[in-house]
Structures are given as C-alpha cells and as structure tokens.
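Student: For reference, the structure I am asking about is given below.
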Amino acid sequence: MNAEYQLPEDECFVLNLGPQHPSTHGVARIKLTLDGEYICKAEPVLGYIHRMHEKMAENRTWPQFFPNTGRLDYLHALAYNQNYACLVERALAIEVPERAEYIRVITTELNRIASHMVWYGAFVLDLGGFTPLLYTFDDREQILDLLESVTGSRLTFSYFRFGGVPNDIDDDFIAGTKTFISRMRERIKMYHALITKNVILINRLKDIGFIPAEMCRKYGASGPVARGAGIDYDVRRNEPYSIYDRFEFEIPVYHEADSMARYMVRMDEILQSLRIIEQAIATLPAGPIMADKVPKLIRPPKGDYYHAVETARGRLGMRAVSDGSAIPWRLKLRTPCFSNMLIFGEACRGMLLADAVALFGSLDLVIPDVDK
Amino acid sequence: MAAYIKSILVGTWSLIAGLAITLRFVFKPVVTCQYPHAVPKIPDRYRGHIDFVYDPATCSHKCIVCGMCQKTCPSGCISLEGEKLEGAKKKTLSVYQLNFTTCSLCGLCVEACPTGALTFSKEYNLAGFDEKEYHFDLIKRLQERP
Ligand code: SF4
Ligand code: SF4
Numbered sequence: 036m037n038a039e040y041q042l043p044e045d046e047c048f049v050l051n052l053g054p055q056h057p058s059t060h061g062v063a064r065i066k067l068t069l070d071g072e073y074i075c076k077a078e079p080v081l082g083y084i085h086r087m088h089e090k091m092a093e094n095r096t097w098p099q100f101f102p103n104t105g106r107l108d109y110l111h112a113l114a115y116n117q118n119y120a121c122l123v124e125r126a127l128a129i130e131v132p133e134r135a136e137y138i139r140v141i142t143t144e145l146n147r148i149a150s151h152m153v154w155y156g157a158f159v160l161d162l163g164g165f166t167p168l169l170y171t172f173d174d175r176e177q178i179l180d181l182l183e184s185v186t187g188s189r190l191t192f193s194y195f196r197f198g199g200v201p202n203d204i205d206d207d208f209i210a211g212t213k214t215f216i217s218r219m220r221e222r223i224k225m226y227h228a229l230i231t232k233n234v235i236l237i238n239r240l241k242d243i244g245f246i247p248a249e250m251c252r253k254y255g256a257s258g259p260v261a262r263g264a265g266i267d268y269d270v271r272r273n274e275p276y277s278i279y280d281r282f283e284f285e286i287p288v289y290h291e292a293d294s295m296a297r298y299m300v301r302m303d304e305i306l307q308s309l310r311i312i313e314q315a316i317a318t319l320p321a322g323p324i325m326a327d328k329v330p331k332l333i334r335p336p337k338g339d340y341y342h343a344v345e346t347a348r349g350r351l352g353m354r355a356v357s358d359g360s361a362i363p364w365r366l367k368l369r370t371p372c373f374s375n376m377l378i379f380g381e382a383c384r385g386m387l388l389a390d391a392v393a394l395f396g397s398l399d400l401v402i403p404d405v406d407k
Numbered sequence: 457m458a459a460y461i462k463s464i465l466v467g468t469w470s471l472i473a474g475l476a477i478t479l480r481f482v483f484k485p486v487v488t489c490q491y492p493h494a495v496p497k498i499p500d501r502y503r504g505h506i507d508f509v510y511d512p513a514t515c516s517h518k519c520i521v522c523g524m525c526q527k528t529c530p531s532g533c534i535s536l537e538g539e540k541l542e543g544a545k546k547k548t549l550s551v552y553q554l555n556f557t558t559c560s561l562c563g564l565c566v567e568a569c570p571t572g573a574l575t576f577s578k579e580y581n582l583a584g585f586d587e588k589e590y591h592f593d594l595i596k597r598l599q600e601r602p
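So the sequence lines, in the order shown, correspond to chains A and B.
In terms of my numbering, the numbers along the first sequence are unbroken and rise by one, the last being 407.
In terms of my numbering, the numbers along the second sequence are unbroken and rise by one, the last being 602.
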C-alpha cells in the first residue's frame, strides 16, 4: 500500500478481530481500521480476562499465591512457578538443593517444548494447515504424560515449592525423557520436511511481518520476538539463574526480523532445550529435593526483591515488596506477552489482513498472560 | 524465467514431499486414547479433588480438626466443624465440606495436614448438571467407600 496515501477516517471501515475470533487464541480483541484489505490502524483492546492476579497476591499468604502463577501463562506454567519460587527463595535466602535445581531445569525445559508445540500447531492452523496440529499435540501429549507422572497435573502444575520440589523424579521418568529426546529429534526433522520447506508456509512468512530491533526495544519485546530481530538476549544466558550457567547451549538468533525468523528461532530453541535436558539428566546428582531450613511460616524480611526468568515467550519478571508480614505488600508482574502484544498495533500497519493474522500467530501470545 | 520455473518445481516438490509424510502416518498405529472405550491410565501422583485417607486402625479418617487445611487453602473451599463429644478430650470432626467448584487443585491442603489425613482422589469423570453435586461431604464419601 502506498504509505503516503491514507483514506479519510470516515471512508475506512472498522473491523473487530476478536474477542471470539479463532486466530486470536482466547479473548484478544483487536480493533482494526481497514482500507479494503489493508490495515490502516490496529488497536489491541486488552482486559477481557483480567483476573487481578497482582491484587490477589496482596490478600493471600506467600505460598497461597503459588497456584496463581501457573494460571498466568498456562502453557509454560513451570517457568512461572520457578520464577515465583526463586523470588521468595531469594527473599528468604534459602539455598535450594542441587537435585531440586536439576529437576526444576528438566521439567521447565520439557514444559518449554510443550509450549512451543502448542504454538507450532496453532500457528500452522492459523495459516490454514490443519494436520500439523495433530502431530504437534501428539508430541505435547508425550511431554504432558511425563510431567503428569511427577507433578500430578497436566496444565497448571503448581509443582515447585519454596526450597525445592515436593516430589522426586524416578527412573521411569528419566527413561521416558530419554526416549522422548531421541523421538523429538526425529520429529523435528519431520517437521522441517513437512512444514518448514512447504512452499505455502514460506510464501506466507518470508519477508512479511517485520518487527525490527528498534521496535522491539521501544515496546520492551523479548523472547523469540526479539531474537528473531537479531537481539541476542536470553535471560538464561544474560542473567543466569538457577543452574543454567552449567549447561552448554546456544541462543538461536536470526536477523531477518520477519515472521519466518521468529518461526525458526522457536524451532531451534526446541533443539536447544533438548540439549539442556540431556545434559541435566546426564549429570543429575543424588541428594535431598527440599531445603531443610524452610520456615513453616513464610515471612520474607522487609525489602524489595526481583527475579526474572526466560519463559517460552520472553522475559518474565516478578517484583515483590515485603513488609515483613505473611502477606505480600505488593507483587508486580512483568509478563512477556503484554509487551509482545502491544507491538502488533505498530507492526501490522499497512499489511494485508491475512498477513497480519500470520504476524499475530508468530508473536505466540497467551492472552491470560497479557491480561493478568 | 529459469528462477521462476525453478521456484514452481521446488514448490511443487515440497508439497509432494509433505503429502508423502502425511500419507505415511495413515499406516502408523493410532496414538490417541480411545476414550471412553479405553480407560486412561491415571498416574499415582494424579491430583484429583481431595479425599480422606482411610485409617484401618480406627476404621475412620485421621483428621484431628486442627483446621490447617482450611487455613492454607488459597481458594477457601474447605469448611469443617468439630464438636466435643461427651467424655472425649479432643474434638471430633462432624462436618467436612469441600466446595470443589472453586478448588484450584493445588495440593497445599494435603501438604499442610499434620496427620496426613488427606489425599487426592483418582476421580476424573466429573460432569454434572448442578453445582451442588460438587459440594463434597468427605466424611460421607469415606463411609460410602468399600
Ligand atoms: S487442593 Fe488447593 S484449592 Fe483445593 S482444597 Fe486443597 S488447598 Fe484448597
Ligand atoms: S489439616 Fe488434616 S487434621 Fe487438620 S483439619 Fe485438615 S484434614 Fe483435619
């Protein structure tokens, strides 16, 4: 579209994409102003499933907020559990046993792959390919079965505790994970042959939906969106937490900044997660899974605490202010999807509606994470 | 021109290769669980709604009415009452209601219980027409259990 030319406001028409549109994966609503098929303006409208998580934290005890964390980004619930656990452990200065750290890393990385598998299936579905969804959900099912056998739950795990993990992993889980790693490597090859090389996919993603690095910085985008724009930033590498500094893995970075780049970042990330899991299993130490000096009543000393982790969608930060009581005084959540979604309004200007849907899918948004 | 024809050929080939892959799946074993004909295997750690542990020593539950579970529950879905029976030193449990409609299945109550009186049930076939069906009376459930 000619960037200079703009229809007068009263000649454009307004289209609501969502809140019940299948491509918005939940209840995102985008108010689009269209000139024919071209987008003149897009305004994301947030808040349809705002559940006041931050406010909820202020009227329950520290451990009682645990189940909430898994309900922000339900696809990568363990990373949220991990961040909250690490945050309170930092506040209480609890040393987590080695084995518990390893278990956390293994399960969180498995969960990351499961999350990417959901994105993958749904993304290709948005582009019109139905079959891959069935394959990716098969892979995800394998992971969920593994995680269910340790955590007891399939989606909102609530698995970690302050000071460690409540359930140990067993030999069945390790054997199952090893089988899964080799299976997944084969499957990734299959996915590349089936989907990445597909001419329709390439034509719909390549050189379309630019989100350059400056735009990422402007909106604070992180995760695969930023790494697809050439920003080499991953919390696991830049601010190592837990035991991520012990493993060898690469941070996939692509410089094209188009939808294809973001797609490729996630595909490579799955392989890197497999590498981390493999190393963690090989060096899994024996020992306790719970720190022994965890107080019964959690009352972090007065102060201001912060912890960030890398979730499947980007940087998740939690800031807690404690007044020394059993209830948090304030808990601020910096969720990755919130920043990643606001980019959409600027990035899709001048695009065709169908391409904008592809762009939206490549952002991999989880709406409960945006709305909190 | 040559590039154009090449892109058509490569594109067509990619579609054929993709079709061949999906075709191969037709001959692979079925991966889905044939529910309800096949019953899914529920792992030992499955977190269903909470239930009392049967204590063979007393032929009843192990609850001492300390109220810890009620206090830890983030969703406030446990309500319990105890009464002092004549001659007894401690309270005995008279009412234990779980409002499963608001339970977040976090398991904090099970971990908080000092006597290990609570456990998770393995029930997953939960569907009903009325909210009241999910206000469980755990004492009654324990008595009805074979
Ligand atoms: S599982 Fe959690 S929400 Fe449910 S009754 Fe127990 S403490 Fe309450
Ligand atoms: S915590 Fe255990 S013993 Fe205490 S009231 Fe609850 S079920 Fe009974």
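Even for Gly, the Cβ is constructed at its ideal location relative to N, Cα and C.
Remember, predicted model here, so these are calculated numbers, not experimental data.
1) Is residue 574 (chain B) near ligand 2, judged by its Cβ being under 6 Å from some heavy atom?
2) For residue 306 (chain A), which residues from the same chain have a beta carbon less than 7 Å from its beta carbon, with the 5 sequence-adjacent residues on both sides left out?
3) For residue 38 (chain A), which residues in the same chain have their Cβ closer than 8 Å to its Cβ, ignoring the five residues on either side in sequence?
4) Taking a Cβ distance cut-off of 8 Å, strictly less, list which residues of the segment 567-581 of chain B are near chain A, in chain order.
5) Give me, in chain order, the residues of the same chain whose beta-carbon lies closer than 8 Å to that of residue 267 (chain A); leave out the 5 immediate sequence neighbours on both sides.
6) Hey, is the segment 221-237 of chain A in contact with the segment 347-354 of chain A, meaning 3+ C-beta pairs nearer than 8 Å?
7) Beta-carbon within less than 8 Å of residue 36 (chain A)'s beta-carbon, same chain only, minus the 5 sequence neighbours each way: which residues are those?
8) Residue 180 (chain A) lies in the beta strand (DSSP E); which residues open and close that run?
9) Would you kindly work out how many angstroms separate the C-alpha atoms of residue 277 (chain A) and residue 113 (chain A), rounded to a whole number?
10) Can you tell which of A:56, A:177, A:236 and A:381 has the C-alpha that lies nearest to the C-alpha of residue 488 (chain B)?
11) What residue range does the beta strand (DSSP E) around residue 352 (chain A) cover?
12) Work out the CA separation of residue 205 (chain A) and residue 325 (chain A) for me, nearest whole Å.
13) By DSSP, does residue 75 (chain A) sit in helix, in strand, or in coil?
14) Looking at chain B, is there any beta carbon in it that lies within less than 7 Å of the beta carbon of residue 94 (chain A)?
15) Comparing the CB of residue 121 (chain A) with every heavy atom of ligand 1, is any distance shorter than 6 Å?
16) On the three-state DSSP scale, how would you describe residue 199 (chain A)?
17) What is the DSSP secondary structure of residue 333 (chain A), counted as helix, strand or coil?
18) Between the segment 258-272 of chain A and the segment 341-351 of chain A, do at least 3 Cβ pairs fall closer than 8 Å?
19) May I ask which residues mark the beginning and end of the alpha helix (DSSP H) holding residue 464 (chain B)?
20) Within 7 Å of any Cβ in chain A, is that where the Cβ of residue 449 (chain B) sits?
21) Per the DSSP calculation, residue 513 (chain B) is bridged to which residue(s)?
22) List the DSSP bridge partners of residue 344 (chain A).
23) With 16 as the cutoff for other CB atoms within 10 Å, does residue 149 (chain A) come out buried or exposed?
24) Measuring only the C-alpha atoms, how far is residue 192 (chain A) from residue 515 (chain B)?
25) Per DSSP, what kind of secondary structure is residue 553 (chain B) in: helix, strand or coil?
26) According to the neighbour-count rule (16 or more other Cβ atoms, all chains shown, within 10 Å of its Cβ), is residue 463 (chain A) buried or exposed?
27) For the segment 471-496 of chain B, which residues have a beta carbon sitting closer than 7 Å to at least one beta carbon of chain A?
28) Residue 242 (chain A) by DSSP, collapsed to three states: which one?
29) Count the CB pairs spanning the segment 393-406 of chain A and the segment 366-378 of chain A that are closer than 8 Å, and state whether there are at least three.
30) For a test of your reading of the model: does the CB of residue 520 (chain B) fall under 6 Å from any non-hydrogen atom of ligand 2? Yes or no.
31) Skipping 5 residues on each side, what residues in its chain have a beta carbon closer than 6 Å to that of residue 8 (chain A)?
32) Would you say residue 460 (chain B) reaches chain A, if we count a Cβ-Cβ gap shorter than 7 Å as a contact?
33) When the Cβ atoms of the segment 242-259 of chain A are set against those of the segment 103-118 of chain A, are three or more pairs found closer than 8 Å?
34) With residue 406 (chain A) as the anchor, note down where its alpha helix (DSSP H) starts and where it stops.
35) Does the distance between the C-beta of residue 525 (chain B) and the nearest non-hydrogen atom of ligand 2 fall short of 6 Å?
36) Does the beta carbon of residue 82 (chain A) fall short of 6 Å from some heavy atom of ligand 4?
Tutor: In brief:
1) At least one heavy atom of ligand 2 sits closer than 6 Å to the Cβ of residue 574 (chain B).
2) Excluding positions up to five away in sequence, the list reads 223.
3) The pLDDT assigned to residue 38 (chain A) is 49, lower than 50, so where the model puts this residue is not dependable, and the model offers no usable value.
4) So the close ones are 567 and 576.
5) Taking C-beta separations shorter than 8 Å and ignoring five residues to either side along the sequence, the partners of residue 267 (chain A) in its chain run 286 and 288, following chain order.
6) Short answer: they don't touch.
7) With a pLDDT of 45 at residue 36 (chain A), under the threshold of 50, the predicted position of this residue should be treated as unreliable, and no value is reported.
8) Counting along the chain, residue 180 (chain A) falls outside any beta strand (DSSP E), though it belongs to the alpha helix (DSSP H) covering 166-186.
9) Their Cα atoms are separated by approximately 13 Å.
10) Minimum Cα-Cα distance from residue 488 (chain B) among the listed residues A:56, A:177, A:236 and A:381 corresponds to A:177.
11) Per DSSP, residue 352 (chain A) is one residue of the beta strand (DSSP E) stretching across 349-357.
12) Cα to Cα, the separation comes out at about 16 Å.
13) Residue 75 (chain A) carries a strand assignment under DSSP once its states are collapsed to helix, strand and coil.
14) No, residue 94 (chain A) does not count as interfacial toward chain B.
15) Outside the cutoff, so no.
16) Residue 199 (chain A) falls in the strand class under three-state DSSP.
17) Three-state result, residue 333 (chain A): coil.
18) In short, these stretches touch, since the Cβ pair count reaches three.
19) Per DSSP, residue 464 (chain B) belongs to the alpha helix (DSSP H) from 458-482.
20) Residue 449 (chain B) is absent from the structure shown; chain B starts at 457 and stops at 602.
21) Partner(s): none; residue 513 (chain B) has no beta bridge.
22) The secondary-structure analysis by DSSP pairs residue 344 (chain A) across a beta bridge with A:351.
23) Classification of residue 149 (chain A): buried, given that the 10 Å Cβ count is 16 or more.
24) Roughly 33 Å between the two C-alpha positions.
25) Looking at residue 553 (chain B) - three-state DSSP - the assignment turns out to be strand.
26) One cannot answer for residue 463 (chain A) here, as it falls past the ends of chain A, which runs 36 to 407.
27) Only those residues of the segment 471-496 of chain B whose C-beta falls short of 7 Å from the nearest C-beta of chain A are listed: 471, 473, 474, 477, 478 and 487.
28) Three-state DSSP puts residue 242 (chain A) in coil, outside helix and strand.
29) Note that the segment 393-406 of chain A touches the segment 366-378 of chain A; at least 3 beta-carbon pairs, one per stretch, sit closer than 8 Å.
30) Yes; taking the cut-off as 6 Å, the Cβ of residue 520 (chain B) has a heavy atom of ligand 2 nearer than that.
31) No answer is possible for residue 8 (chain A): the residues shown for chain A start at 36 and end at 407.
32) For residue 460 (chain B), no CB of chain A lies under 7 Å from its own CB, so it is not counted at the interface with that chain.
33) Because the criterion of three Cβ pairs below 8 Å is not met, the segment 242-259 of chain A and the segment 103-118 of chain A do not touch.
34) Residue 406 (chain A) -> alpha helix (DSSP H) spans 402-406.
35) Yes, the beta carbon of residue 525 (chain B) sits closer than 6 Å to at least one heavy atom of ligand 2.
36) As far as ligands go, the structure on display features ligand 1 and ligand 2 and does not contain ligand 4.
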